[in-house]
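Take the sequence shown: its position 30, counted from the start at 1, is 10 in my numbering, and no numbers get skipped.
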Amino acid sequence: MTTCIIGDIHGCHASLSSLLDLVVDRAETMVFLGDYIDRGPETRRVIDLLLALQQEQRHVIFLKG
């Protein structure tokens, strides 16, 4: 089982999207450690992308922080 752990997104959609392009097909589970928004320019796009991952029936875990 491959697990990808991602933290400190801070509203940076482009960076998150690039990272997911590298790992989304390889990771069976993705764990997001929090800090999804704040500081970055694309907070709404980050939230939309994370929710889309969850709706695709991928095994994703969102931690609060």
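Don't be surprised by glycine CBs; every beta carbon is placed ideally from N, CA and C.
So what does residue i bridge to, in DSSP terms?
i      : result
C(-16) : M10
H39    : T9
Excluding sequence positions up to five away, which residues of its chain have a Cβ less than 6 angstroms from the Cβ of residue i?
i      : result
D(-12) : D15
V11    : I(-15) and I41
Compare the C-alpha of residue i against each of the options and name the closest.
i     : options                    : result
H(-7) : T23, T9 and R19            : T23
L(-4) : E8, T(-18), M(-19) and L33 : L33
I41   : V26, I17 and L13           : L13
L(-1) : M(-19), L29 and R19        : L29
T9    : T(-18), K44, Q37 and L43   : T(-18)
Considering only residues of the same chain and omitting the five flanking positions on each side of residue i, which have a CB-CB separation below 7 angstroms?
i  : result
V3 : C(-16)
Starting from residue i, trace the alpha helix (DSSP H) in both directions and tell me its first and last residue.
i     : result
H(-7) : H(-7) to V3
Within the same chain, show all residues whose beta-carbon is closer than 8 angstroms to that of residue i, passing over the 5 residues directly before and after it, in chain order.
i   : result
D18 : H(-10) and G(-9)
Q37 : none
V26 : I(-11), G(-9), C(-8), H(-7), L(-4), Y16, I17 and G20
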